[in-house]
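Quick notes on the structure that follows.
Numbering (full-length UniProt numbering), first residue to last: 1 to 534.
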């Protein structure tokens, strides 16, 4: 009976779980004590037998031909328990683990008892597109009591659509123009700090973090975070955000664990503190009022477009999303770009020639609309986003119970199943990106007549449907346009003013090996020596 209750309802409330796993065997133990003289021994035998019986039922069913995912290949340990993936995620290497699974098992892999991962472009639209699948348990139960979910963790499609409207206005073409001055001001500040460190070694990854965090402070909240000025994270905000991101990503694979985080002092503190930080930023912005049309001008509906203005708790829930999604992702891509530039000096030189042609010495790269038409710049950015997308494992979706299941290409996915379309693996698939699917080759994004030839006999393939660094469909990244403007502008500004070389003795290959996947990529240090261009 206990097994059937867990199988049918997957309860996670502590009272019910405690009743099923503690009270019931406790009631049985006295009966066994009639035949076993020792009470402690009878209790031990009862509990051990009870748990072993439940686990045996679970294991037999999950490995049996009667399980709805029985025909799909995957490691036995993954079929048995999601704790396997929870452990893999805790190492920060889920992106490479998924890729290895697909290399071994093919386009579709059973990565959990009730989970599948796809590695095919045909799966993008039915999973992520309009009319596709909604979010599921992976996104649930993350917020402490009293906190509303953010727009990205809102599961109900109707509620998500309503919440998304203010974000869409905040990132419209007209709204993004309001952020141009912030981009220029913060980029100039970054270059000033670079100039002070000319001839010295710096951690490029850290400075991209400082820059992007300061930019989001101004752009989202109209507030100076001053990380660049301090040269460090004085308040420990970034470390707290990274710890929270890792915690959420690990536990998301076993969502019922979120219920018990409140009983773990360290974990509960991280979860609560990170939302308190968000509330502080939002409350300060609300008290301050609006002098410019920043992000929260739109999120609080200060223009009065919505029939009902969003509540303060609703806006507070989106504050954390604004900081993390808007800063960490851009910082990652900028760092990835320079990592590949350092490994490919000829590519960097070619891009610098293009920047110099569009913006000659003495002319600041202020015309962002011209950058849209810089072919090699955009090719380099696309290639960085392809090889190391900021959100490497993508955003899983869920086949809702009662839906009857869904057909994805030639595969039928039953209801109650979570599915990944794994971004990192998909964007390195040689069926969609050839030649050199695992190499930084920006020319693949250029027209054939502009593409430099390489010694390869492989067929040229570029399938845009497999390129989804900003996700796809109604829940795709709302800040994509702004992110691209920021990436182009910062890249042009830096290239125009500075040269870089890796720290002497630094093994460049080790940088990519050190990347960890906690939903948003966590980057290791990238030590470089910079010089002002002469």
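Where is the CB? At the ideal position from N, CA and C, for every residue including glycine.
None of these values were measured; they are calculated from a predicted model.
Note on residue 168: under 16 other CB atoms within 10 angstroms of its CB, so exposed under the neighbour-count rule. Beta-bridge partners of residue 288 (DSSP): none assigned. Restricting attention to 502, 10, 179 and 396, the CA atom closest to the CA of residue 342 is found in 502. Distances from the alpha-carbon of residue 367 to those of 337, 492 and 20 put 492 closest.
Linking residue 513 to residue 86 through their CA atoms gives a straight-line distance of about 20 Å.
Distance from the CA atom of residue 275 to the CA atom of residue 520, rounded to whole angstroms, is 18 Å. For residue 418, the enclosing beta strand (DSSP E) stretches over residues 418-421. Looking at 218, 207 and 104, the one whose alpha-carbon comes closest to that of residue 232 is 207. Taking the CA atoms as reference points, residue 118 sits about 31 Å from residue 508. At the C-beta level, residue 320 and residue 150 come within 8 Å of one another. When the beta-carbon positions are compared, residue 128 and residue 399 stay at least 8 Å from each other. Looking at the backbone, the Cα of residue 476 and that of residue 45 are separated by about 52 Å. Following the DSSP letters along the chain, one finds residue 194 inside the alpha helix (DSSP H) bounded by residues 180-196. Residue 317 sits in a helix when the DSSP states are folded into three classes. With a cut-off of 8 Å on Cβ pairs, the stretch 358-375 is in contact with the stretch 477-489, counting three or more such pairs.
Considered as a whole, the stretch 78-115 harbours 108-112 as its complete beta strand (DSSP E) runs of no fewer than 3 residues, in chain order. With the rule of 3 Cβ pairs closer than 8 Å, the stretch 184-197 does not count as touching the stretch 323-331. Nearest neighbour of residue 220 by Cα position, chosen from 449, 299, 122 and 392, turns out to be 299. Nearest neighbour of residue 121 by Cα position, chosen from 336, 60 and 462, turns out to be 462.
Cβ-Cβ separation between residue 315 and residue 277: approximately 15 Å, too far for a contact (criterion under 8 Å). When DSSP states are grouped into helix, strand and coil, residue 531 belongs to the strand group.
With fewer than 16 other CB atoms across the displayed protein chains lying within 10 angstroms of its CB, residue 407 is exposed. Ranked by how close their Cα comes to the Cα of residue 214, the residues 198, 239, 187 and 204 have 187 in first place. In this structure, the alpha-carbon of residue 511 lies about 11 Å from that of residue 205.
For residue 413, no alpha helix (DSSP H) segment is defined; the enclosing uninterrupted segment is the beta strand (DSSP E) at 411-413. Beyond the five residues adjoining it in sequence on each side, residue 249 comes within less than 7 Å, by CB distance, of 89, 518 and 519 in the same chain, given in chain order. Assignment of residue 345 by DSSP, reduced to helix, strand and coil, places it in the helix class. Residue environment for residue 27: exposed (fewer than 16 other C-beta atoms within 10 angstroms of its C-beta). Residue 139 and residue 418 have their C-alpha atoms roughly 11 Å apart. It is roughly 8 Å from the alpha-carbon of residue 387 to the alpha-carbon of residue 439.
DSSP, read as helix, strand or coil, puts residue 502 in strand.
Shown here for residue 243: same chain residues with a beta carbon closer than 7 Å to its own, the five before and five after excluded, namely 270 in chain order. Per DSSP, residue 229 is one residue of the alpha helix (DSSP H) stretching across 227-230. For residue 516, the pairing in a beta bridge is given by DSSP as 522. Per DSSP, the continuous beta strand (DSSP E) segment holding residue 201 begins and ends at 201-203.
A check of alpha carbon separations from residue 158 across 474, 524, 526 and 416 identifies 474 as the nearest.
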